[in-house]
Amino acid sequence: MTIEEAQKTVDQWIQTTGVRYFNELTNMAMLTEEVGEVARIIARQYGEQSFKESDKDKVLADELADVLFVVICLANQTGVNLTEALQRNLLKKTQRDATRHQENEKLR
């Protein structure tokens with residue numbers, strides 16, 4: 001699925017199953033919640049925290065997909081074409097960071 005297809009698919013789902021988009025502030029709060037859930041899994045799976053019993057059924061892929069879903073919702077409702085935005089962002093990073101990471105001693 002391309003990013004464009006994902007945006008269309010999420011929009012269709014919202015219009016049929018979700019009834020309507022939550023407002024932008026609600027979606028921003030939801031995005032923050034979902035990112036927190038990703039952080040919780042990462043801290044336990046790759047960090048030093050231990051899993052609580054209530055955390056053991058959480059799956060990183062599911063939580064990352066939740067983040068992506070809300071990002072797509074925000075893009076759709078604010079008129080952002082994520083394909084174009086990502087292409088512009090990669091071009092900006094490529095130009096800005098052309099040698100930055102190769103010259104970074106911390107990455108060697």
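So for the sequence shown, the UniProt record's numbering puts the first residue at 1; every next one is plus one.
Just so you know, even glycine gets a beta-carbon here, dropped at the ideal spot from N, CA and C.
Please read these numbers as outputs of a predicted model, since none were measured by experiment.
Around the Cβ of valine 70, a 10 Å sphere holds 16 or more other Cβ atoms; the residue is buried. In the structure shown, the three-state DSSP call for alanine 98 is coil.
In this structure, the beta-carbon distance from asparagine 76 to valine 19 does not fall below 8 angstroms.
Assigned with DSSP and collapsed to three states, valine 59 falls in coil, not helix or strand. Where asparagine 27 is concerned, the enclosing alpha helix (DSSP H) starts and stops at 24-45. With distances taken between CA atoms, glutamate 34 lies nearest to Ala61 out of Ala6, Glu84 and Ala61. Rounded to the nearest whole angstrom, the CA to CA distance from valine 59 to alanine 65 is 10 angstroms.
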